[in-house]
Structure formats: C-alpha cells, structure tokens
Amino acid sequence: MAEVKKREGFLPFALPDIGEEEIAEVVDTLRSNWITTGPKTKKFEKEFADYIGVKHAIAVNSCTAGLHLSLEVLNLKPDDEVIVPSFTFCATANVIVHAGAKPIFADIDPVSLCIDPVSVEKLITPNTKAMMIVHYGGRPADMDRLTEIANKHNITIIEDAAHAVYTQYKGKLIGSHGNLTSFSFYATKNIATAEGGMITTNDDELADKLRVLSLHGMSKNAWNRYSATGSWKYDVIEAGFKYNMTDIQASLGLHQLAKLEKMQDRRKHITQLYFNGLKGVKGITLPDMATLNPDDVHACHLFPIRIDKKEFGYSRDEMMELMKEYNIGVSVHFIPVHMHPYYRERYTKDLVLSVTEQVFDQIMSLPLYPTLSDEDALYVIDTIKYLHNKA
Ligand SMILES: *Cc1c(COP(=O)(O)O)cnc(C)c1O
C-alpha cells in the first residue's frame, strides 16, 4: 500500500454547517432589537414540534437544561433512583444529581451500544423512579423492551436525544414516542444553534410546567412582559431556572431545521464512504447497522469504530495519537461516567460495567459532518489502512 502523505492543515473532528441564511437571520434578529426569547423562539418551537409530530416543543438553552427539567417535574427525593447508561456524556448523569436523586449506572448492549434492557431490569428497586435512554450516536435504543420494563415497574422514561434529531424508531421520529425527550443543538450536533436544546411532549400539563420552570418559575407567557401586547404582571409559582432560549439561537435553529434533510444526506453519504472504505480491515469493528429494525432511521451523528490492538496492530490510545499526527481530529464517545472521579468517590466505588469498559478501551469516533469533503473522508480511510499495514 502506498504511503499516505500527511495532509496540510488539521481536519477538525466536527464543524457546524452555518450558511448565509443563518447569518442573515441572526443579523435580522439583532436589528429587530428583540434578542432574547421572543417571536423567533416561538416560531422555532412550532416548526420543531411540527417536524417531530408532537404537540409541544419547549425551547431551552441546552439539552442538559431539558434533561434537568424533565427530572424536576418528577419531584424526586434523595432516596429516589434514576437508571442511566454510563456510556454517555456526563450531563445525562449530572442532572440526576442536580434533581436531588441517585444515579444508578447501567451497562450497554455490545452491538447497539445503547442501554441494555437486561442490565436495566436487574437494577430496578422499589426506589427506582425513572430511566434515562440515550440514542447513542444517532441509533435508536430498544424502545419496545425499555417501554415494557418501564410500564411493568411504573417507571418514567426520559429520552436523551442529543444525538437523535433525525432518528426514527420503527418508523416514528424520536421525540414522538410519548416520553419527555430532550434534543441538543450544541455546536457539534446535527442541528447547531451554538448552544440550545428542545424538550418535546404530548402532555399539555407537563408542557406548561416545563415552560414555567424554564423561565424562573414565572407564570405563563412572562417572556412577553416587555412587549406592547404583554402584561407586566406575573406570579412566581415555582423556584424555577434560567433555561430559556434566545431569539439569536432560534434564528440559527429555524434555518438549520429547514436544511436538516440536506445535511443528513451528506452525513449518510460520508457514513457510506466509511463503511465501504473500512470494511474488511482486520481489527476494526464498524458500527452495527444489521440489527436495526427495517423501519429504523440512524441519524449518523457519530461514526465510532472499535479497534482491537491484537488484530489491528495499534491500540485505541495509540491510534488517537497517530491520527492527530496525521492531522485528523478524532474523539472518544464516551469516557464512561461511572469512571470519573466525582462519581467514583460518591456513587460507583467498586462498580464494574464490563461491556461499557471493554467498549470504552477500543472506541474512537471519526470526523463526520455535512461540510466534510469526500476527499477528506477518503484521507481518513487511507490513513487508517496505511497505519494498519505499517503496524
Ligand atoms: C451533547 C450531549 C448532551 C448535552 O447537550 P448540551 O446541549 O450541550 O447540553 C447530553 N447528552 C449527550 C449524549 C450528548 O452527546
């Protein structure tokens, strides 16, 4: 195999796809003088709800905020337990602590890398109040089995859909399955508003509660109190939070949502290039697509490969360094939450999650975003193959 020539300039791991429409809309918002929660946030909420096919979408300033509020409405007490996969971003577990409950860490399925229903069922106690589901990398979790368990034990499901803005489970978009679901519009996610998030629900009463909690606990429509049509009067009915989305963020979101399909086409295309280019490379396990349901849709948020040092020649840690040397941005999703010092010291002293830990040792995410060129994806593939041959 021919030697790969190191590319000039660093290939970023993730980039947002911001176009002239987004820029013009942000400028319009700035010139309008209404820069915080206002008409554009309300429009974005409406369009997002219509897209998902759900009654309510509540805009917030992050997915983390959305997940926190989803737990706040459960009024959890210190002995209450919430089951969460360890193989996720720390935010999914941090909010359980914020809500005053105990995080209980579940293992993942070795194929889907989503929370393992068998692991969940083993962890259920009389104190279990909720389970968090992460649709890892844009792949839907096993909703049917998890819902069955939740119903059997009278447990609430909260969906972390940070990776799953385009994901479908059995022909229905994530966010429309009847649970409180939080999406992320962080800079690297499939829809980017710099920072931002959205909660979806079909429940009118919960939607009202979430809106109130997201803006200081002030009664309905307080966001409108400085406008000609709004009222100065409000009641504080909860000790709420400052989690509202701004119209600057919503300006980005409106256009990101409009071009989501186009951006997803590129994500799918790059994913296909990686599958074609890397299949058959010894010691590399590609993301599983074979066990998806026929009417599932993968949002292609991440492309995590698993590297087996014995077969491949280099370990994941060595590959992280080598890819950087070849000017390729790579990342690890995720350092398991139960292994972080905060959690070790308080919740998970001797906890072993064998699948999570095994996967963590091997996993590396490749660059994947709409503005990544075919040439760049091919360079990533060639570099991996070249390093394998050299090892
Ligand atoms: C990004 C991410 C979050 C947090 O999203 P923010 O919008 O940054 O708060 C939560 N969970 C997972 C799995 C994520 O990847």
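Going letter by letter, the sequence shown gives residues 2 to 392 in our numbering. Don't be surprised by glycine CBs; every beta carbon is placed ideally from N, CA and C. Computed from a prediction, not measured in an experiment: that's the story for all the values here.
Asked	Found
Own chain residues within Cβ distance below 6 Å of H299, not counting five before or after	G139, R140
G254: CB within 7 Å of a non-hydrogen atom of ligand 1	no
Residue interval of the beta strand (DSSP E) (run including T30)	Segment 21-33 is the alpha helix (DSSP H) holding T30; no beta strand (DSSP E) there.
Any non-hydrogen atom of ligand 1 within 7 Å of A193 CB	no
Nearest-angstrom beta carbon gap, A131 and V83 [assumed within contact, 8 Å]	5 Å
Close Cβ partners of K210 (< 7 Å) along its chain, the five nearest in sequence each way excluded	V74
Per-residue DSSP class, three states only, for G198	strand
Cβ-based neighbour list, E358, same chain, cut-off 7 Å, excluding 5 preceding and 5 following	P337
Those runs of the beta strand (DSSP E) which lie wholly inside the segment 328-383 and span at least 3 residues	364-367
L279 beta carbon less than 8 Å from that of I308	no
Counted within 10 angstroms of its Cβ, other Cβ atoms place T272 as buried (16 or more) or exposed	buried
Candidates R347, P342, L388, L253, of which the one nearest S316 by Cα	L388
Straight-line gap, L266 to V237 (C-alpha atoms, nearest Å)	In the sequence under discussion, the amino acid at residue 266 is Asp, which differs from the Leu named in the question. Their Cα atoms are separated by approximately 45 Å.
H99: CB within 7 Å of a non-hydrogen atom of ligand 1	no
For ligand 1, residues whose Cβ lies under 6 Å from any non-hydrogen atom	S63, C64, T65, T89, F90, A92, T93, V135, D161, A163, H164, S185, Y187, G198
N-terminal and C-terminal residue of the alpha helix (DSSP H) that S252 is part of	248-259
C-beta atoms of A3 and Y344 nearer than 8 Å	no
Spatial neighbours of K41 in its chain, beta-carbon cut-off 7 Å, leaving aside the 5 residues before and after	T30, D248, A251, S252, L255
L293 to G218 span [Cα, whole Å]	41 Å
Euclidean distance between Cα positions of K44 and P17	22 Å
Extent of the continuous alpha helix (DSSP H) to which V98 belongs	91-99
Opening and closing residue of the beta strand (DSSP E) in which I53 lies	From DSSP, I53 is part of no beta strand (DSSP E) but of the alpha helix (DSSP H) over 40-53.
Beta-carbon gap between G241 and S220 smaller than 8 Å	no
Contact set for K171: own chain, Cβ-Cβ below 7 Å, skip 5 residues either direction	N294, D296, D297
Three-way DSSP call (helix, strand, coil) for Y275 in this model	helix
Collapsed DSSP secondary structure at H57 in the structure displayed	strand
Sufficient close CB pairs (3 or more, under 8 Å) joining the segment 63-70 to the segment 182-190	yes
Those residues which DSSP pairs with R268 across a bridge	According to DSSP, which records beta bridges pairwise, R268 is partnered with nothing at all.
Option in D117, E9, G20, E376 with minimal Cα separation from A259	G20
Reduced DSSP secondary structure (H/G/I, E/B, other) of P118	helix
Buried versus exposed call for Y227 [16 or more other C-beta atoms within 10 Å across all chains shown]	exposed
Contact belief for N191 with H302 at Cβ below 8 Å, rounded distance in angstroms	6 Å
Rounded Cβ spacing between T157 and H57 (contact assumed at less than 8 Å)	That belief does not hold up - the Cβ atoms of T157 and H57 are roughly 17 Å apart, past 8 Å.
Residue environment, V28, which counts as buried when at least 16 other CB atoms sit within 10 Å	exposed
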